[in-house]
Every structure is written in structure tokens, then in C-alpha cells.
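**Student:** Listed in order, the protein sequences are those of chains A and B. Throughout the first sequence, residue numbering follows the working numbering, covering 150 to 341 in sequence. Throughout the second sequence, residue numbering follows the working numbering, covering 2 to 195 in sequence. Let me give you the structure first, and then I'll get to my questions.
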Amino acid sequence: MRTPGRQHGDEAELIDRSRKGDGEAFGVLVERYQRRVVGVALAVVHNQDDAIELAQETFVRAFENLSKFESRSSFSTWLYRIAANLAIDFWRREGRHVVLHGEDADNEISKLPSSQGDSFKEVSRSELSARLSRALEELTPEHRAVILLREVEGMSYDEISDILQCPRGTIMSRLHYARTHLRSILKDVTGS
Amino acid sequence: MAQCSEIGMMLGAFEDSELEPNEMQEVAFHLARCESCTGILADYSTLGRDLRSIAPEPSLAGFSGAVVARIDRIPQPVLARIGRYLRRRSDQVGAGLAWGCAVAAAAVVTIFLITPYAEQLANRAPRSSASIARTESEAGAGANQVADAAAGGPAMADNDSHADISRLESENHSLAVWSEPRRDTTVIWLPDQP
């Protein structure tokens, strides 16, 4: 599991130099956080090319708006938030999915087939990969983001809450929905 | 014992260790007696492992370079651009400045050290090339001339002309020396011996 990025002692200086227009200093910050920013974008859009393009846009936006960055929050969280917002906006512009909130999401969970008591059965690795990818595609970007930020990026609920700017309870609810949904799809496949 | 529907909502957070301690305990007690929920928890664990195993690792070669190139194309205020240019050249400028200061300091020290010798050389040069006139008859013109010389006034008669003593080199009771640059002559006056 990937671990969250650490704060670096020279980060404040790099940010200060970047604020003054020093592209090389900002390049160091890009190197430091590029993988995680791509990971956040990828968690939402689920497409590598789009994620890389969005990650680049994230850094450009961050550079342009460094004057607005306040050191009260960590630089990495600020970056990931920009990435998540850009990715969610991108996804909505594409108009591929309807986003469910609150009770709508809960209703969707109740419509899912019951999965209690069934465990996954053996499937081949490539088949599993294909089915999981399709199952992830069926999730809304918000639900996909929370499950991938948690499981792949290893972020805590509080970090995800900061990045997606929604309450911790909503994160827990979305995670429950995403897990139940993915498990039910995989159960249907492997159980049939 | 809590119902499976209640515990089911907390299973994911239990797997993530994100519940409060009392909730963790409640779920743990339930799991000890419920195979169904234990199965779901195992599925969540497997699901997480599978998601990590299929997560793509996008190639980031050239990523930061592309970002910096995009940033370089962003129009910036003139002052910011000048600042960036100066910072990029700062190493070269700093090194040049250091060398310049070192050379200047060396030059100042050298001048300071050689100046007294240069003055001496400059003063000696006419003397060495000039013939030293020591004419007691002229010198015998008297102490009055020396006194005039000391005062910077006209002093020495040379044939029909007068010479101005421009500088008195040495002055003591037994010897007087002065130069007459325009005539390239150094005069040494010795008083009459008793």
C-alpha cells in the first residue's frame, strides 16, 4: 500500500521561491508530488491519459494560484484538492454518469443484490482485472475516488475528507456504497 | 448482539481501522459470532488487495519537464521575469562578482604597498641622472640663500639666470639639499667648515 507523502523541511522555501516565479523550484515540487497527484486524478477519471493531462493542469493551476495558498493546510492536500476538483469537473463535463448524493446513493445501495454470506471465488487474474475495471467504471467519480484514494493511495478518511471537501460521514457512506457495489458485481460474476 | 445490518455499515471502516474504540470493540464482538459478516469483511480485504493489484502505474517520464515548460509559457509581469532571469544567472554573476572583488582587493593592496617605493624611485630618478653640483662658491653665497630656499623663494644663481628652488629635500644644521627639476639639478649645500 502506498503511504501518504511526508512533509519536507525545504518545502516552505521551495514554495516561497515558486511564488516569486522560480520555475526550477516549482519543478522540484512537481517531482515530489507528481505520482500522487496523478493517482488522485486517476481515482476520479479512471483513464491514464486524462489523469496525466489533468495532473499537469493541476500543477499549472497551483503555480498560478500559489499566492492564494495558505500554509495552514499542507501543500500536498492543497494540490490533491485541486486535482480532485479538476478531475470531477472534467468528468461532469464529459457527462458520462449521473452523480448520486445522500439518500439517492443509499437507495441505489438497497437496489443492489444481497451479497451477504458470499465470498469471491477464484477467477483468473486478467478476468478479475477486466471485471474490476468495468465495475469501477460503473461507479460515480465521487464513489470511485473514495474507494481508490483509500485502497490504492492509502489515504485516511480525514485526508480524503480534506481533499474532496466533504464531511467524514459522507466519506464513510460513499466507501460503504462503493465496496458493496464492487463486491456485488464481483459476486455476481464469480458466483454464476 | 447487534444486527448484521447495523454492523454491515461499519465493516468497511472496521477494516480501515477508522472507527471509534467502542465501535471497533462492538464490531469485533459481532464478528466473533457471525460467519456472514466475517465473510463480507474477508471480501472487503480481498477487494482492496485486488484494487491495488490492478492499479495502473502511469509512466511519468518527462512529466515535470512538461509542467515546467507550460509554466514558462505563462505570461508573467516584467519584474517577475527579470527576477527569474537574475536568479538563473545568480551563480555566474556571483562567481564573477567574487573574482572582481578579489582582483580589486589585490590591486588596492599592491598599490598601497608599492606607493612609497614608487615615490622614492620617482624622486631618485632625477637625482641619479642629474649631475650633482657641488660648488662651494655658489654654496658660499651664504646661508641667506638657504634660508630663501627654505622659504621657497628664489635661491640659486646659475650663470646669468636665477633658479627657483622648488623643494627642500633635507634640512638640518649641517646640510641642506634641494632639487631644481627644471634644470635637472640637485644642490647639496655644505656650510663652510670653521
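Ideal placement from N, C-alpha and C gives every residue a C-beta, glycine not left out.
For V28(B), go through chain A and note every residue whose CB falls closer than 8 Å to its CB, in chain order.
**Tutor:** Those within 8 Å of V28(B) in chain A number zero; the least Cβ separation is about 13 Å.
**Student:** Where does E27(B) sit, in a helix, a strand or coil, going by DSSP?
**Tutor:** helix
**Student:** Does DSSP put T186(B) in a helix, a strand or coil?
**Tutor:** strand
**Student:** For the beta strand (DSSP E) containing S180(B), name the first residue and the last one.
**Tutor:** It spans A177 to E181 - the beta strand (DSSP E) in which S180(B) sits, taken as one unbroken run.
**Student:** Using a threshold of 8 Å, state whether the C-beta atoms of R328(A) and I296(A) are closer than that.
**Tutor:** yes
**Student:** Leaving out five residues before and five after L32(B) in sequence, what residues of the same chain have Cβ atoms less than 7 Å from its Cβ?
**Tutor:** C38, T39 and L42
**Student:** Out of R210(A), D198(A), F212(A) and L288(A), point me to the one whose CA is closest to S60(B)'s CA.
**Tutor:** Among R210(A), D198(A), F212(A) and L288(A), the Cα nearest to that of S60(B) belongs to D198(A).
**Student:** Give me the residue from V301(A), L281(A), L313(A) and A211(A) with the minimum Cα distance to R71(B).
**Tutor:** A211(A)
**Student:** Just curious, the alpha helix (DSSP H) that D44(B) is in, first and last residue?
**Tutor:** E36 to I55
**Student:** Kindly say whether M304(A), judged by its beta-carbon, lies nearer than 8 Å to any beta-carbon of chain B.
**Tutor:** no
**Student:** What distance in whole Å lies between the Cβ atoms of R323(A) and E291(A), which are believed to be in contact at a cut-off of 8 Å?
**Tutor:** 6 Å
**Student:** Closer than 8 Å, Cβ to any Cβ of chain B: which residues of the segment 193 to 224 of chain A, in chain order?
**Tutor:** Here the close residues are Q197, A200, I201, A204, Q205, F208, V209, F212 and E213.
**Student:** Using a Cβ-Cβ cutoff of less than 6 Å, which residues in the same chain neighbour G188(A) once the five nearest sequence positions on both sides are dropped?
**Tutor:** E302
**Student:** Measure from the alpha carbon of D165(A) to the alpha carbon of each residue in L215(A), T207(A), E308(A) and E286(A), then state which is nearest.
**Tutor:** L215(A)
**Student:** Considering only the alpha carbon of each residue, which of D51(B), F64(B) and A3(B) lies closest to S275(A)?
**Tutor:** D51(B)
**Student:** Can you give me the Cβ contacts of V186(A) inside the same chain, cut-off strictly under 8 Å, excluding the 5 residues immediately before and after it?
**Tutor:** Answer for V186(A): A204, T207, F208, L228, Y229 and A232, listed in chain order.
**Student:** So for S322(A), helix, strand or coil by DSSP?
**Tutor:** helix
**Student:** Do R293(A) and L285(A) have their C-beta atoms closer together than 8 Å?
**Tutor:** yes
**Student:** Taking G172(A) and D44(B) to be in contact with their CB atoms under 8 Å, please state how far apart those CB atoms are, rounded to whole angstroms.
**Tutor:** Actually they are not in contact, since the Cβ atoms of G172(A) and D44(B) sit about 48 Å apart, beyond 8 Å.
**Student:** Does the distance from the CB of H325(A) to the CB of L288(A) come in under 8 Å?
**Tutor:** No Cβ-Cβ contact shorter than 8 Å links H325(A) with L288(A).
**Student:** For F218(A), does the three-state DSSP call read helix, strand or coil?
**Tutor:** coil
**Student:** Which of the three DSSP states is assigned to Q121(B) in this structure?
**Tutor:** helix
**Student:** By Cβ distance below 6 Å, which residues in the same chain neighbour A200(A) in space, the five residues on each side in sequence not counted?
**Tutor:** V187, A190, L191 and V194
**Student:** Name the residue from N196(A), F224(A) and T319(A) whose alpha carbon lies nearest to the alpha carbon of V179(A).
**Tutor:** F224(A)
**Student:** List, in chain order, every chain B residue whose beta-carbon is nearer than 7 Å to that of H325(A).
**Tutor:** Think of a sphere of 7 Å around the beta carbon of H325(A): the chain B residues whose beta carbon falls inside it are M10 and G13, in chain order.
**Student:** Starting from the beta carbon of L65(B), find every residue of chain A whose beta carbon is closer than 7 Å, and list them in chain order.
**Tutor:** The sequence shown places Ser at residue 65(B), not Leu. By Cβ distance, chain A contributes G176, V179, E180 and Q183.
**Student:** Measure the C-alpha to C-alpha separation of Y182(A) and S18(B) and round it to an integer number of angstroms.
**Tutor:** 26 Å
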